[in-house]
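> These protein sequence lines map, in sequence, to chains A and B.
The opening residue of the first sequence carries number -3 in the numbering used here; numbering runs sequentially from there.
The opening residue of the second sequence carries number 55 in the numbering used here; numbering runs sequentially from there.
Glycine included, C-beta positions come from ideal geometry on N, C-alpha and C.
All values reported here derive from a predicted model rather than from experimental measurement.
Handing you this structure, nothing more for now.
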Amino acid sequence: NAGVTQTPKFQVLKTGQSMTLQCAQDMNHNSMYWYRQDPGMGLRLIYYSASEGTTDKGEVPNGYNVSRLNKREFSLRLESAAPSQTSVYFCASSDLQASYEQYFGPGTRLTVT
Amino acid sequence: SQQGEEDPQALSIQEGENATMNCSYKTSINNLQWYRQNSGRGLVHLILIRSNEREKHSGRLRVTLDTSKKSSSLLITASRAADTASYFCATDPTTSGTYKYIFGTGTRLKVLA
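Structure, rendered in structure tokens:
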């Protein structure tokens, strides 16, 4: 039981490049989330998916798109990376029917030069 | 915008002492959670307290919630070196739906052996 997995662990992009961050969970959770964490700050919600087939914007969605591919997978895409998107990205999942606890992945450290 | 603000930003104590950190928030909430983050890792859920609860215990953790003051505190008793981490509160504002948790900026706790 791996919990929440994220790939890649580290990534360096040049300004304007695109990439997709992958997230998968094996806990059969309905809800999934993408956060970013900048130095000295808490996590800020980028997008979330309450259930398979639905996605919605969080606090800082600009510059990002998401896809809830199936119940297990929730990907985050940067179409044209900018230095302001340098951050650590965390994916999380939860089963809101059971509890509000969120389970987090190990994070992806992204640097945009 | 940050809903939760932790205080203090950083705390350094000796092993065996108690550690208290506080979280203040701005709007009415459904519940409040505390998470721990070890350096470079994802967040781990510690405890949830609902808006109609005033105090909750889990092992060496004690959480209080004062909705009239819009504040919560996390007490870690008999701290250990392994408690060294950052601690975040996360609130679920009543106006945002049950998915958009807002994280505070965190308290960095260092427990000296």
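Cβ of A:Gly(-1) within 8 Å of Cβ of B:Phe157?
Translated into the one-based positions of the first sequence, residue -1 of chain A becomes position 3. Translated into the one-based positions of the second sequence, residue 157 of chain B becomes position 103. For A:Gly(-1) and B:Phe157, no; Cβs fall outside 8 Å.
> Roughly how many angstroms lie between the CA atoms of B:Ser55 and A:Cys87, to the nearest whole one?
As a first step, residue 55 of chain B must be located in the second sequence, where it is residue number 1. As a first step, residue 87 of chain A must be located in the first sequence, where it is residue number 91. With a pLDDT of only 48 at B:Ser55, under 50, the local geometry of the prediction cannot be trusted, and no value is derived from it.
> Under 8 Å by Cβ, that's how I've got B:Gln91 and B:Leu166 pegged, so tell me the actual separation to the nearest angstrom.
If you number the second sequence from 1, residue 91 of chain B lands on position 37. If you number the second sequence from 1, residue 166 of chain B lands on position 112. That belief does not hold up - the Cβ atoms of B:Gln91 and B:Leu166 are roughly 19 Å apart, past 8 Å.
> For A:Val8, count neighbouring C-beta atoms within 10 Å of its own C-beta (all shown protein chains included) and say buried if the count is 16 or more, exposed if not.
Against the first sequence, residue 8 of chain A aligns to sequence position 12. It counts as exposed.
> Please report how far the alpha carbon of A:Ser83 lies from the alpha carbon of B:Phe142, in whole angstroms.
Indexing the first sequence from 1 puts residue 83 of chain A at position 87. Indexing the second sequence from 1 puts residue 142 of chain B at position 88. Cα to Cα, the separation comes out at about 18 Å.
> Helix, strand or coil: which one does DSSP assign to B:Ala73?
Here residue 73 of chain B refers to the residue found at position 19 when the second sequence is read from its first residue. Strand at B:Ala73.
> Report back the beta-carbon spacing between A:Gly36 and B:Thr145 to the nearest angstrom; my notes put them in contact at under 8 Å.
If you number the first sequence from 1, residue 36 of chain A lands on position 40. If you number the second sequence from 1, residue 145 of chain B lands on position 91. Incorrect: roughly 19 Å between the Cβ atoms, too far for contact.
> Extract the residue ranges of the beta strand (DSSP E) inside the region 19 to 98 of chain A, only unbroken runs of 3 or more that lie entirely within it.
Those beta strand (DSSP E) runs which fall completely within the region 19 to 98 of chain A and span 3+ residues are 27 to 33, 39 to 45, 60 to 64, 70 to 74, 83 to 90.
> Label A:Gln93 either buried or exposed according to how many other C-beta atoms from any shown protein chain fall within 10 Å of its C-beta, with 16 as the threshold for buried.
Position 97 of the first sequence, counting from 1, holds the residue named residue 93 of chain A. Exposed is the call here.
> Terminal residues of the continuous beta strand (DSSP E) containing B:Asp137?
Position 83 of the second sequence, counted from the first residue, corresponds to residue 137 of chain B. Premise fails: B:Asp137 is in no beta strand (DSSP E) and is neither H nor E.
> Does the separation of the CB atoms of B:Ile103 and B:Asn76 fall below 8 Å?
Along the second sequence, read from residue 1 onward, the residue named residue 103 of chain B stands at position 49. Along the second sequence, read from residue 1 onward, the residue named residue 76 of chain B stands at position 22. Not in contact: B:Ile103 and B:Asn76 (Cβ atoms no closer than 8 Å).
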